[in-house]
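The numbering of the sequence shown is our numbering, which starts it at -5 and goes up by one. Even glycine gets a Cβ: it sits at the ideal position worked out from N, Cα and C. Every value quoted in this text rests on a predicted model; they were computed, and no experiment measured them. Input: a single structure, listed below in structure tokens.
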Amino acid sequence: MSACRAVSLLALYSCTGLAAALDGRVDDLLKQMTLEEKIGQLSQVGGKAFIPNMPKPEEEIRKGRAGSILWLSDPVEINRLQKIAVEQSRLKIPLIFALDVIHGFKTIFPMPLALASSWDPALIEQVQAVAAREARAAGIAWTFAPMVDIARDPRWGRMIEGAGEDPFLGAAVARAQVRGFQGPNFGAPDRVLACAKHFAGYGAADGGRDYDSAYVSESQLRNVYFPPFRAALDAGVATFMSAYMDLNDVPASANSFLLQDVLRREWKFDGFVVSDANAVGDLVTHGFAADRADAARRAFTAGVEMDMASGTYMNELPALVKAGKVSEASIDAAVREILQAKFRLGLFERPYADEALAKRVAAAPEHRQLARVAAQRSAVLLRNEGDLLPLAKTARSLAVIGPFADSKRDLLTMWSGFDVDPSSTVTIVGGIRNKLGRGARIEYAPGVQIARRNPSFFEDLMPSMKRIEPWPQAQADEEFTKALDTARRADVVVMALGELASMDGEAASQSSLELPGRQNELLRAVVAMGKPVVLVLVSGRPVNIEWAASHVPAILEAWHPGTEGGNAVADLLFGDANPGGKLPITWPRNAGQVPIYYAHNLTHQPESAPGFKSRYWDQPSSPLYPFGYGLSYTKFTVANLKVSRDDVTADVENTGARAGDEVVQLYLHQRSGSASRPVRELKGFERVSLAPGEKKTILFKLGPEKLKYWSAERREWIQDAAEFDVWVGSDSTASLHGTFNTKE
Ligand code: BGC
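The following block contains the structure:
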């Protein structure tokens, strides 16, 4: 069977000899289906009425007008609807239940951008395998993840869902997630179908404004935005989701360049494509389709097989087929893909969730333990002047201040499921109390209350994420003073500042990167007391900490760290875990610098040119922290670089006094060719754990896959004969340098 760890499920079935039998079952079923029942399989219906006028799922299921249901997570409700499909619909075809299981189902792991900060694909695979196990036990057989959109503009709230700015890291994280969700065979009872989304270019929204149009050149698409999608496909991802926005003036959900030319013809994708929610109907809203019939025809013929929740296929495709505008053969082909997935998932044999199992699986202690480790490994230590961290466990009095000090829901993020129960989440002050026990005086004060100015519709949809009413002025002043008094009484102050769950994710873009509300004011007032202050950031994006970066001695980016976040933060603050995460994004000084990314081109006037300090006259154009950056409580040196055109080696040594992890990173630059190439590009990385004094040689393989690029001039993938620079080190500013060339 291991020889059958095939890249695609179709291949898996061929190599196990089941393909023919499967095709036979699909054909038998197809022959019995009416046109309406076929189109029913192409229609995904909301289990909750989020979209106005959405039909009641029960009726649609009974009539065979629904192939899939989304937004449910309760196994009892799932089984109730499944029973209608399996017992009361004419052909008894089981439904496939789908949900955004993005970073956990019941056990919530750190947000995806945080997971990417671990630079640890094996950990990410494990995390998503647990998410799959919990979800599948509850009857969810399909997750709308991984989100693999490249994001270079932190104003865009959905940056939290992806792996950041870099195609190479993004591809590694995409592969790991697909493997985690689907395993070697997604038909196993603890796996789910994965979905690579949002194809493609969503992260390039104008101004970072969610849903806005994206204009991305073909060379950027192919060199930067596509690689994580391609990696997901190579890892066998079963489904793709088309994006909402216009890509180069054509909505991604009716974009045949994306869905036909690239996905089907070039990449030979053999799964199915689902639209984003309501995106087919929204083709009319875009000013692209003339009416809903036009929308259905154009989305379907462009390559969207399943309509998520807009009802457009169900209502429009039958007439289009009868009028000969859409062929029944193309409908059959789409239905075939969806039925195959259902057969492979084993839904015909095991349609129901085991409700008792769902409870047991969700309560597994090892899931929480993994969540804790994942949060430890995802955090990034940004500053540690005078080795303030780790703090001594003998601390007698400690103040934990800020709106995230005792918050549960905000440790999770918006994408934690519609019905997430945050009650068992360990807060930061809770984690510190768990760590220090009764011996220490630990006081907490929120200090400030923050809220979105423009409300999010998700605050209405998700019961746990209720809208926050700002405190009245008198209370705000009182709380602020109370927090300062609390800080004054303590020997050490931990400030937990950042962003609410509703401030990141979908429909959560922001125009500035400032810490919301009076958080900065509070921070400055506490720092002015002259005590040791540690800033713990709970944020989904890089925020403006330019002042803090030179005034607050220790800064730890914890991100939205999940259910075990508070324990993990305490582990890191008190040295039971050593930070080893690295930034998967470039951290700007402020919003004026975005979009910002390290892999830009050199230009005619590189910033390294003598006398040329910055592209801006009013501030440096360098970021606050570079891509790949992150500190540790120990020290590492990287040395002894050996370079050939086939591989690169370097030694990494822990020269400090504690065990710790370093992420050794390889960057390349091609000096000349058929196109200008980025000043540096990540082409290899490895996270290693080293004891004090321990040394390891890291080997990076090169080869054509790492040297080729898509040339805008030649309009194809090429590898030039050229001279290359190589750097190996601890972040994207690594200085250990060598060269090789591919001329001979
Ligand atoms: C989001 C998708 C998500 C879908 C279903 C949409 O609004 O853009 O990422 O999978 O909703 O919840």
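Classification of Arg74 by the beta-carbon crowding that lies within 10 angstroms, buried from 16 upward: exposed
Three-state secondary structure assigned by DSSP to Val1: Residue placement at Val1 is poorly supported in this model, since its pLDDT is 42, which falls under 50; the coordinates still yield a value, given next. Coil at Val1, not helix or strand.
C-beta atoms of Ala290 and Met48 nearer than 8 Å: no
Near the ligand BGC: His192 beta-carbon under 7 Å from a heavy atom: yes
Span of the beta strand (DSSP E) around Glu710: Glu710 to Ile712
Nearest-angstrom Cα separation, counted from Pro614 out to Gly586: 11 Å
The ligand BGC heavy atom lying under 7 Å from the CB of Tyr238: yes
Segment contact, 8 Å Cβ cut-off, at least three pairs: the region 427 to 441 with the region 385 to 393: yes
Segment limits, alpha helix (DSSP H) that includes Met308: Thr306 to Lys316
CB of Gly158 within 8 Å of CB of Ile579, strictly: yes
Chain-ordered list of residues that sit, by beta carbon, closer than 5 Å to a heavy atom of the ligand BGC: Asp94, Phe138, Asp270 and Ala271
Per-residue DSSP class, three states only, for Phe44: coil
Supposed close pair Arg292, Leu277 - CB separation, criterion 8 Å: 6 Å
Local Cβ density within 10 Å of Gly165, reported as buried at 16 or more and exposed below that: The residue you asked about is not Gly; residue 165 is Ala in the sequence shown. Ala165 is buried by the Cβ-count criterion.
Same chain, Cβ closer than 7 Å to Val1, neighbours up to 5 away in sequence not counted: No answer about Val1 holds up, because its pLDDT of 42 lies below 50 and its placement is not dependable.
For Val274, the residue or residues it bridges with in DSSP: Note: Val274 sits in no beta bridge, so no partner.
Complete runs of the alpha helix (DSSP H) confined to the region 385 to 444 [at least 4 residues]: 422 to 430
Residue environment, Glu81, which counts as buried when at least 16 other CB atoms sit within 10 Å: exposed
Spatial distance of Asn378 from Ala542 (CA atoms): 12 Å
Assigned exposure category for Ser(-4) - 16 Cβ within 10 Å defines buried: No answer about Ser(-4) holds up, because its pLDDT of 35 lies below 50 and its placement is not dependable.
Collapsed DSSP secondary structure at Phe337 in the structure displayed: helix
Beta-bridge pairing of Asn735 - partner residues as DSSP gives them: Glu717
Whole-angstrom distance between Ala271 and Asp206, CA atom to CA atom: 16 Å
Cβ separation of Glu30 and Arg56, assumed to be a contact under 8 Å, to the nearest whole Å: That belief does not hold up - the Cβ atoms of Glu30 and Arg56 are roughly 13 Å apart, past 8 Å.
Entirely enclosed beta strand (DSSP E) segments - the region 177 to 220, minimum 3 residues: 189 to 193
Alpha carbon of Leu4 to alpha carbon of Phe266, nearest angstrom: Low confidence applies to Leu4: its pLDDT is 47, below 50, so where it sits in the model is not reliable, and the reading given next is rough at best. Near 12 Å, if we compare the C-alpha coordinates of Phe266 and Leu4.
heavy atom of the ligand ADP below 7 Å from Ala248 C-beta: Among the ligands modelled here, namely the ligand BGC, the ligand ADP does not occur.
Simplified DSSP state of Ala728, which is helix, strand or coil: coil
Length-filtered (3 minimum) beta strand (DSSP E) runs lying within the region 478 to 508: 486 to 492
Inter-residue CB distance, Val329 and Leu24 (contact presumed, cutoff 8 Å): 6 Å
Exposure label - Arg403; buried when at least 16 CB within 10 Å: buried
Segment contact flag, the region 246 to 262 with the region 186 to 196, C-beta cutoff 8 Å, min 3 pairs: yes
In DSSP terms, what Asn378 is bridged to: Ala548
Selected residue, minimal CA-CA separation from Pro672, among Ile444, Asp655, Gly723 and Asn595: Asn595
Boundaries (first-last residue) of the alpha helix (DSSP H) holding Leu107: Pro106 to Ser111
N-terminal and C-terminal residue of the alpha helix (DSSP H) that Val367 is part of: Pro359 to Ser372
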